[in-house]
Structures are given as C-alpha cells and as structure tokens.
Amino acid sequence: MSDPGSDPSYPFGFDLGPHPRTLQLIWFSFLIVGQAGLALFLLTLFFSKSLAPRLPVFYNFVLLSFFGTPVYLILFYTGEFMNTRPPYAQCLVQAVMKHGIDPAFILSSLLLVIETWKSLVRGPRERTHSPSRGWIMLALPYLNFLLFAIPAALIGLYFPDEVSHGGHSFFCTIVNDTFGAILSLEVALIAIGTLICQVAIWTVLWKRRKVTRTMGVPSSLDTSQIVRISFFNVWETIGLLLNSGAIVNTLGNTLIASTFLAIIPLSVFLVFASQKDILRIWFPFFFRLPDYRLSRKPVINVVPDGSSTDELPKSLDMATEISFDVSTNSNQTSTVVDRLEDGGVGSSRKYIL
563 MSDPGSDPSY PFGFDLGPHP RTLQLIWFSF LIVGQAGLAL FLLTLFFSKS
613 LAPRLPVFYN FVLLSFFGTP VYLILFYTGE FMNTRPPYAQ CLVQAVMKHG
663 IDPAFILSSL LLVIETWKSL VRGPRERTHS PSRGWIMLAL PYLNFLLFAI
713 PAALIGLYFP DEVSHGGHSF FCTIVNDTFG AILSLEVALI AIGTLICQVA
763 IWTVLWKRRK VTRTMGVPSS LDTSQIVRIS FFNVWETIGL LLNSGAIVNT
813 LGNTLIASTF LAIIPLSVFL VFASQKDILR IWFPFFFRLP DYRLSRKPVI
863 NVVPDGSSTD ELPKSLDMAT EISFDVSTNS NQTSTVVDRL EDGGVGSSRK
913 YIL
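Residue numbering for the sequence shown follows my numbering, starting at 563 and increasing by one per position.
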C-alpha cells in the first residue's frame, strides 16, 4: 500500500477514503453522543435512590467507559484531527492515555463477568469476603492502566518517532512492535477468560432453569442484566478481533476497527441504560412499573443441609412460592421451600435473587 502522506489519492494524507473529514466527524459524533449518554447514566446510577443497587464492578465498568471518551476526543477538542502530524505533546498525551484506558476498560469488563457469575452462584446470601477484596477488584483496572500507560509514556519520550497519528484512525498511538505484542497478548488472555466465564454463567442458568421446570414453578431469576452483559461481551470480542493485527492485515485497513472504537461508549449506554428501572426514572409516564410491594416476587428459602422437611406443608397456595439453589459442581440440589407462618416466613434462611 502506498504511503498516504505521499500518495495524492489519499486526501490530506489520510487513508480514509475521499472524505476523511466527514468520516472523522461521524466518529467523533458517536463519541460525543456516547459521552453525554454515559454522563447521564452515571449521574442516575450514583444519585437515584429508587434504583436497585448494582455490583460495584459494574459502576467501575461504566465509569471507565466514560473516561475513555475524552481520551479519544483530544484531537477533536484541539482541532488537530485533520493533521496527520499534530503537536507532539498532544499526540503523546493521547497515545499514553489510550494505551492505558483500553486495557483498563477491557479488564473491568472481565471483572464484571466474573462477579456476575459469582453472584449468580452465591445468590442473595451474605457476602463472606473481606471489604479489602472488593477494593482490590475495583483497583485492578486502574493498576492495569498504569501497567501500560507508564511504558507507553517512556517509549514516547525516548522515541518520539514512535508516537504517531495514523492515517487510518482519529487518534494517536505508540507504534512499537514489542509493546503492541504484549498488549495484544493481554487482550487475548482477557478475551479467553471472559469467554470461559460466560460459559460458566449460562451453565448455571441452564441448571437452574432445569430445576424450576422439574419442580413446576416459575424461575425467580431476572436474566435481563445477564443477557445484556453477555451481548456486550460478544460485541466486545468481535471488536477485539477487528482490532487485532491479523484481522487488520487481512482486511487491508482499519476503518472497521476505528469505527468499533468510536461506538463503544454509545454501545455501553444503549445496552445497559435501557433497563426498565433506568427508563422509569427518565420517562416516568411511559415506563410505569407496578410497585414491588404489590407484585410479590418469588422468594427463595434454602433449607440448611441436614434439616428435616417433614414439617413442611404438603400443599402451597398462590401466596407461597417455591424456588431453588443449585450447586454448580454437583448434580445435587437442595430442598427448597417458602413457608409462611402468621404473615412471616419459617426458620429457614431466605434468599432473594
């Protein structure tokens, strides 16, 4: 392929077709809309008192996706996006931040899948791990940010020629084979880990669905968030493949990869901010939901191992719900029942998924 900087068939030195300015403005538009949407989403998550709490790693995941938007918009903010050789300082800052925020975001996505799987296995039981573990899970993406941002900064400072605004993209990067190979290796490992956790999640769901069908009772699991996480991770995996060197070389350009990076923040907003409890806050007249106190949710009671179930009622009326608890490492299931006594529940522990 000819050098875009010397080939007159590449306007302004970009390998972006005949209208590089228009294409970049479209990419920036996606980023700006995603940035605004994520800002609104974060404000709703942090300040609304009527929302059900999410996993802490979920807040981290959305926050990092928001942090990525100003990084990718640096050249747009400074007006240098049509310059294939923007000021060195601007290009270096963007390259360093980009190579830090991307691994941090991808790792936060993996941690979200892991914590979702663990929460699904554990159910609504009290968490037994120490608070320090929660802080570690929140800090890991930021440590991963430093793990790649610091080497990127050193490479950029000692080898300025390796800081480049590619003719096929809207941002600056560090062009270093060793650094790129290490980054690609981590991304591949995270993608594999995410896939394994996704399989584990759907295995647990399948087992629980099987139990509910066997017992003839409705499942109490709300799979909305799980489906959204799974959908996004499939979408993210496709994007990672599109951004890998092998696929880029096969396609001959990175227009598709750059487009994917531009729409990631908007994708996070559309996938996760479209849940009913969020929409009910934003559009209260169009998304009215019944009060949870008037619509009784299934209640899970797990009879502790070794307990007798002889005293449990043989018939259950409409107000009494049955649910379950499935062990993910065996074919055994616990005896589960919800017993109402004088308006209360029995002595077995109550779990609500």
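Ideal Cβ positions, reconstructed from N, Cα and C, are used throughout, including at glycine.
message: If you reduce the DSSP assignment to three classes, tell me which class valine 737 lands in.
response: Position 175 of the sequence shown, counting from 1, holds the residue named residue 737. Note: valine 737 maps to coil in three-state DSSP.
- request: Please report how far the alpha carbon of isoleucine 663 lies from the alpha carbon of proline 846, in whole angstroms.
  value: Against the sequence shown, residue 663 aligns to sequence position 101. Against the sequence shown, residue 846 aligns to sequence position 284. Near 35 angstroms, if we compare the C-alpha coordinates of proline 846 and isoleucine 663.
message: Can you find the residues in the same chain that come closer than 7 angstroms, C-beta to C-beta, to leucine 751, ignoring five residues on each side of it along the sequence?
response: Here residue 751 corresponds to residue number 189 of the sequence shown, with the count starting at 1. Excluding residues within five positions, none has a Cβ falling inside 7 angstroms.
- prompt: Roughly how many whole angstroms lie between the Cα atoms of isoleucine 736 and leucine 593?
  reply: As a working mapping, residue 736 is identified with position 174 in the sequence shown. As a working mapping, residue 593 is identified with position 31 in the sequence shown. Cα to Cα, isoleucine 736 sits roughly 21 angstroms from leucine 593.
field: Beta-bridge pairing of valine 796 - partner residues as DSSP gives them
entry: Sequence index remark: in the sequence shown, residue 796 carries index 234 (1-based). According to DSSP, which records beta bridges pairwise, valine 796 is partnered with nothing at all.
- request: Answer yes if the segment 704–716 comes into contact with the segment 663–676, meaning at least three C-beta pairs across the two stretches below 8 angstroms, and no otherwise.
  value: yes
query: Are the beta-carbon atoms of glutamate 642 and proline 649 separated by less than 8 angstroms?
result: Walking along the sequence shown from the start, residue 642 turns up at place 80. Walking along the sequence shown from the start, residue 649 turns up at place 87. Taking 8 angstroms as the Cβ cut-off, glutamate 642 and proline 649 qualify as a contacting pair.
- prompt: Count the other CB atoms within 10 Å of the CB of histidine 727; is the residue buried (16 or more) or exposed (fewer)?
  reply: Sequence index remark: in the sequence shown, residue 727 carries index 165 (1-based). Flag for histidine 727 reads buried.
query: So is proline 582 buried or exposed if we call it buried at 16+ other beta carbons inside 10 Å?
result: What you label residue 582 is simply residue 20 of the sequence shown in a count that begins at 1. Answer is buried; the Cβ neighbour count reaches 16.
field: Cβ-based neighbour list, phenylalanine 794, same chain, cut-off 8 angstroms, excluding 5 preceding and 5 following
entry: Mapped onto the sequence shown, residue 794 falls at position 232. Correct list, in chain order: Ser671, Ser829, Val830, Val833, Phe834.
message: Looking at leucine 607: is its Cβ nearer than 8 angstroms to the Cβ of leucine 674?
response: Taking the sequence shown and counting its residues from 1, one reaches residue 607 at position 45. Taking the sequence shown and counting its residues from 1, one reaches residue 674 at position 112. Going by C-beta atoms, leucine 607 is not nearer than 8 angstroms to leucine 674.
query: Hey, how far is the Cα of phenylalanine 629 from the Cα of glutamate 798?
result: On the sequence shown, position 67 is the one that residue 629 refers to. On the sequence shown, position 236 is the one that residue 798 refers to. Each residue's Cα considered, the two are about 17 angstroms apart.
- request: Label valine 933 either buried or exposed according to how many other C-beta atoms from any shown protein chain fall within 10 Å of its C-beta, with 16 as the threshold for buried.
  value: Because the chain is modelled from 563 through 915, residue 933 falls outside the range shown and cannot be assessed.
query: Among Ala819, Ser591, Phe603, which residue has its Cα nearest to the Cα of arginine 842?
result: On the sequence shown, position 280 is the one that residue 842 refers to. Arginine 842 has its Cα closest to that of Phe603, out of Ala819, Ser591, Phe603.
Spatial distance of phenylalanine 590 from leucine 637 (CA atoms): What you label residue 590 is simply residue 28 of the sequence shown in a count that begins at 1. What you label residue 637 is simply residue 75 of the sequence shown in a count that begins at 1. Going by the C-alpha atoms only, they are around 10 angstroms apart.
field: Beta-ladder partner(s) of histidine 927, from DSSP
entry: In the structure displayed, the chain extends from 563 to 915; residue 927 sits before or after that span and is not available.
query: With DSSP run on the structure shown, which of helix, strand or coil describes threonine 631?
result: Here the question's residue 631 lines up with position 69 in the sequence shown. Note: threonine 631 maps to helix in three-state DSSP.
- request: Could you have a look at asparagine 645 and say whether DSSP puts it in helix, strand or coil?
  value: In the sequence shown, counting from the first residue as 1, residue 645 sits at position 83. Of the three classes helix, strand and coil, the one that applies to asparagine 645 here is coil, per DSSP.
query: Apart from the five residues just before and just after leucine 669, which ones in its own chain have a Cβ nearer than 8 angstroms to its Cβ?
result: Taking the first residue of the sequence shown as position 1, residue 669 is located at position 107. Answer for leucine 669: Leu702, Pro703, Asn706, Ile752, listed in chain order.
- prompt: Apart from the five residues just before and just after leucine 578, which ones in its own chain have a Cβ nearer than 6 angstroms to its Cβ?
  reply: The residue you call residue 578 lines up with position 16 of the sequence shown. Taken in chain order, the residues that qualify are Leu585.
message: To the nearest angstrom, how far is the alpha carbon of lysine 921 from that of serine 786?
response: For the chain, the structure presents residues 563 to 915; residue 921 sits outside this window and is missing.
field: Buried or exposed by the 16-neighbour rule on C-beta atoms within 10 Å, applied to serine 692
entry: Sequence index remark: in the sequence shown, residue 692 carries index 130 (1-based). Counting Cβ neighbours within 10 Å, serine 692 comes out exposed, since fewer than 16 surround it.
field: Burial state of proline 722 (16 or more Cβ within 10 Å)
entry: Against the sequence shown, residue 722 aligns to sequence position 160. Looking at its Cβ environment, which holds fewer than 16 other Cβ atoms inside 10 Å, proline 722 is exposed.
query: In its own chain, which residues sit with a C-beta less than 7 angstroms from the C-beta of leucine 802, not counting the 5 before and 5 after it?
result: Along the sequence shown, read from residue 1 onward, the residue named residue 802 stands at position 240. Val749, Ala753, listed in sequence order.
query: How long is the line joining the alpha carbons of serine 627 and methionine 777, rounded to whole angstroms?
result: Within the sequence shown, numbered from 1, the residue matching residue 627 stands at position 65. Within the sequence shown, numbered from 1, the residue matching residue 777 stands at position 215. Those two C-alpha atoms are separated by around 42 angstroms.
- prompt: Out of Ile698, Leu817, Leu682, Val655, which has the shortest C-alpha to C-alpha gap to glycine 729?
  reply: Within the sequence shown, numbered from 1, the residue matching residue 729 stands at position 167. Ranking Ile698, Leu817, Leu682, Val655 by Cα distance to glycine 729 puts Leu817 first.
message: With H, G and I counted as helix, E and B as strand and the rest as coil, what does DSSP make of histidine 661?
response: The residue labelled residue 661 in the question sits at position 99 within the sequence shown. It is helical.
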